[in-house]
Amino acid sequence: MKRIRIREYSARTRFSVDSRAVSGSDPIVEFEGVAVRVGAATILRDVHLTVNPGESLGLFGANGAGKTTLLRVIATLLRPSGGTARVLGVDLSSPDRFDIRPRLGLIGHKPALYPELSLLGNLEFSARIAGIPTSAAHAALDAVGLGRAADRPAGAASHGMQRRVEFAREVLLEPELLLLDEPHSALDPSAIELVEHIVAGVLARAGAVVLVSHDVDRVAPMVTRTAELAGGTVDG
Amino acid sequence: MKSTRRSAWLDIAAIVVVLGALVFAMLSPKVESQGDSARMLFVHVPTIWLAYLAFAVTFAASITYLATRSLRWDLIAGSSAEIGVVFTTIAIIGGMIWGKATWNVYWTWDARLTLTAIMLFVYIGYLALRRSIPEPEARARRSSVLGILGLVQLIPVHFSVTWWRTLHQTNTFRPRDIQMDGPILAALLVSVAAFTVVYARLLRYRYELAQLHLAQYEAAAATEGPVAGDAVSAPTIGTSGA
Amino acid sequence: MWVTIPFGAIALLLVPLAVGINQDVLQQIGTGMLFVVVMLFGVLTSIRRTNIETPEQRDAIALLGIDPVAEFTGRVMASAALLLVFEIVIGVVAVALYGLDISGWEWMLVVMPLAAIGLAELGTLSASIAGSAQAGPALVPLLVTPLAVPLLLGATQTVKTIGGGGVNLSWLVLMVIVVLVLAIVGVLTARPLQETR
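Residue numbers (the numbering used here), protein chains in the order written: chain A, 41 to 276; chain B, 322 to 563; chain C, 442 to 638.
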């Protein structure tokens, strides 16, 4: 069993995180020889990947290597064309993969907010669908430093603010597997610490994180292991 | 070898039946009010009957695909729809030629004619959808839903002549009241049989072609070619190598 | 909606420029033109709403774990509500411009919602079927328009018979059948269609 010690964070963050060892059981992500083809193009080929509970995997690769595609396969949003893929114990080629979606979190390149709704409105929408009291949405927005901008339409908010709202959503929904695509994009230093805290929170709950980035140095504090995607394949 | 020989015999049989139908059609008595132009009946009626049959096969095969997830049924659905579109086009053109000869107009906005043209567009849309999705499974799922929906369109086409009284003659076949002379009816039935045999052969060939296309796609997918990311290399300007 | 409604009104205004301003002719074609405009503009509105949803928003909805049947039903209800408003406003314009007979208007309380729900179901289904295909946005109108004919026929013929002093229920029954069939197909295929995403 793997034991991973979670870092303590400074008092600058609004949260405190208890360090504790977590033990791994069944892998949260288990890919064997996974391939993804879109039309005539092969994006991924022979991907081998295992992510255990309490692990944070940093996935690196050049532009166009297929990092976002791999992340979307893990998120069950794209079906693998070949190989065996299991996430949270569920085979991704089976219809059961829809049932695990509420247990996943994905923050992609581009924000997924509704521009006509306010920042708070977007969070409350997610809370209602997830069956969480909408009062928790305001607390989550406060936690990411946007409490006073709650009523601002998402379309009028900056990219960085929208990303903070997406992180607030993951604070609210507490996914077991968190997937991050370029987590540092558009975030100021204080918000980057927020990301580290959220990653720590997932790991503390014996969840796992897979994050994709070009910048090895910046994500180093929040990963326990790294892997490189090249030639359409990764072995990690 | 055995199946090729049997296939050839079936093709010969189809040709013989069609020739027989042609003979019947030419030898059947003339219709007094319409003269020789009425012989279009022996092409027009069977082609529209077959269009309905083809789209019904598409409907049934689409349902079967969704139930079994066997791509074979999707290939049958797509092949049948293609043939149905061809037969519908022939039926409309035949009807227009007949209309010109009988009513002196190519197009009459008759209920059945108009709705048949609309049915044609439904399945042109179906074929356009299939063409726009290269992945076999995604194509099968989406087009099978449309294949089922297309049947919704056939209801008003069938009932239109009864509910919407216009120029088009009423249904030729009403269960207890067939309004047609014996020899003409016989020639028509032979034509329908002939066209049905032609449909079956065309479906067989089109299905085989679809299977070959699928095999080709799967073979290409299994081949170790370059991945999409290989197209991206390091920039040559602003680097130490420049 | 605030762009589409004026656009629909202009379309109704333009028709007499093409067919002439003979009031009898306009009264005869008015009902049909109303429902054609409703179909063309109203369905484009519901399709546009699907088109402006970004892939990231669709992914976020998917990951919230919303049941595909619930998603289909929700989209249909939202589109139907929009289409109903559109129908009512454009209907008033058509009555004014074409001098349509409004006796038996109570039947419109059945016809208009049925047409709105049917068109909403068609738009939602077609967007699910073709939306993310290569030519998706161009395909959707091609798929919706011919399939909407039974609804158009039913609506127009029902309204015509209202004016004649007695309603021919056959056309209304046709509309109900089409709406039910579309609902059943939409519910049964919601999950398989989600699997293709």
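All C-beta atoms in this analysis are idealised placements derived from N, C-alpha and C, irrespective of residue type, glycine included.
Partners in chain A for residue i, counting only beta-carbon separations shorter than 9 Å
i: R632(C); result: P135 and F138
i: Q464(C); result: Neighbours of Q464(C) on chain A: none; closest Cβ ~43 Å, over 9 Å.
i: E539(B); result: What E539(B) touches in chain A: nothing, since even the nearest Cβ is about 10 Å away.
i: Y542(B); result: Here residue 542(B) turns out to be Ala, not Tyr, going by the sequence shown. Residues of chain A passing the Cβ test: A75, R77, A80, T82, S121 and G122.
Separation of residue j from residue i, as counted between CA atoms
i: R112(A); j: R126(A); result: 13 Å
i: V456(C); j: T586(C); result: 19 Å
i: A579(C); j: R258(A); result: 43 Å
i: Y386(B); j: V426(B); result: 43 Å
i: V478(C); j: Y539(C); result: 14 Å
i: V622(C); j: V590(C); result: 14 Å
i: A571(C); j: S230(A); result: 43 Å
i: T597(C); j: P582(C); result: 21 Å
i: G64(A); j: A81(A); result: Model confidence at G64(A) stands at a pLDDT of 48, short of 50, so the residue's coordinates are unreliable and nothing is read from them.
i: V534(C); j: V510(C); result: 36 Å
i: R54(A); j: R188(A); result: The pLDDT assigned to R54(A) is 28, lower than 50, so where the model puts this residue is not dependable, and the model offers no usable value.
i: A503(C); j: R141(A); result: 7 Å
i: A372(B); j: D431(B); result: 18 Å
i: R452(B); j: Y538(B); result: 14 Å
i: I411(B); j: L160(A); result: 60 Å
i: T124(A); j: L523(B); result: 39 Å
Exposure label - residue i; buried when at least 16 CB within 10 Å
i: Y526(B); result: exposed
i: G550(B); result: buried
i: T368(B); result: buried
i: S550(C); result: Here the sequence assigns Leu to residue 550(C), which means Ser is not the residue at that position. That one is exposed.
i: N92(A); result: buried
i: L454(C); result: exposed
i: D136(A); result: exposed
i: K107(A); result: buried
i: S465(B); result: buried
i: I462(C); result: exposed
i: L458(C); result: exposed
i: S391(B); result: exposed
i: H534(B); result: exposed
i: Q464(C); result: exposed
i: V444(C); result: exposed
i: D294(A); result: No information on residue 294(A) is available, as it lies outside the stretch 41 to 276 that chain A covers here.
i: G145(A); result: buried
i: V628(C); result: exposed
Proximal residues of chain C, C-beta to C-beta of residue i below 8 Å
i: I169(A); result: L505, G506 and I507
i: R126(A); result: Chain C residues near R126(A): none, gap ~17 Å exceeds 8 Å.
i: I439(B); result: P587 and V590
i: P142(A); result: L504, L505 and G506
i: A115(A); result: D500 and L504
Nearest-angstrom Cβ-Cβ length linking residue i and residue j, presumed shorter than 8 Å
i: L467(B); j: L450(B); result: 6 Å
i: A402(B); j: T379(B); result: 5 Å
i: V339(B); j: V519(B); result: 6 Å
i: F482(C); j: G449(C); result: 5 Å
i: R204(A); j: L186(A); result: 6 Å
i: G415(B); j: M361(B); result: 6 Å
i: R119(A); j: S133(A); result: 7 Å
i: V443(B); j: L588(C); result: 6 Å
i: A461(B); j: D395(B); result: 4 Å
i: L509(B); j: F363(B); result: 6 Å
i: F100(A); j: T266(A); result: 6 Å
Within chain B, partners of residue i - CB distance below 7 Å
i: R481(C); result: It should be noted that the sequence gives Leu, not Arg, for residue 481(C). Near L481(C) there are no residues of chain B at all, since even the closest Cβ is about 15 Å away, more than 7 Å.
i: P457(C); result: Correct list: empty, because the minimum Cβ distance to chain B is about 20 Å.
i: G200(A); result: None at all; the shortest Cβ gap to chain B is about 27 Å.
8 Å Cβ cut-off: residues of chain B touching residue i
i: S253(A); result: Here the premise fails: no neighbours, minimum Cβ distance about 16 Å.
Residue i: contacting residues in chain A (beta-carbon distance under 7 Å)
i: A501(C); result: A152
Within chain C, partners of residue i - CB distance below 7 Å
i: L535(B); result: Result: empty, since nearest Cβ-Cβ is about 17 Å, beyond 7 Å.
i: I469(B); result: V626
Amino acids of chain B, ordered along the chain, whose beta-carbon sits closer than 9 Å to that of residue i
i: V477(C); result: Simply none; closest approach about 13 Å.
i: I446(C); result: Under the 9 Å cutoff, chain B gives no residues; its nearest Cβ is about 27 Å from I446(C).
i: G148(A); result: Within chain B, no residue comes near G148(A); the closest Cβ sits about 18 Å away, beyond 9 Å.
i: L580(C); result: G446, A449, L450 and S453
Inset, instruction - Would you be able to state if there are at least three C-beta pairs under 8 Å between the stretch 164–171 of chain A and the stretch 205–215 of chain A? - result: yes
Legend entry - the stretch 467–478 of chain C / the stretch 104–122 of chain A touching (three or more Cβ pairs under 8 Å): no
Inset, instruction - Report yes or no: do the stretch 497–511 of chain C and the stretch 527–540 of chain C share at least 3 C-beta pairs separated by less than 8 Å? - result: no
Legend entry - At least three beta-carbon pairs within less than 8 Å, the stretch 612–619 of chain C to the stretch 552–559 of chain C: yes
Legend entry - Touch test, the stretch 223–230 of chain A against the stretch 64–74 of chain A, Cβ-Cβ under 8 Å, three pairs minimum: no
Inset, instruction - Inspect the CB distances between the stretch 147–162 of chain A and the stretch 193–202 of chain A and report whether three or more fall short of 8 Å. - result: yes
Legend entry - Inter-stretch contact (C-beta, 8 Å, three-pair minimum) for the stretch 247–254 of chain A and the stretch 331–339 of chain B: no
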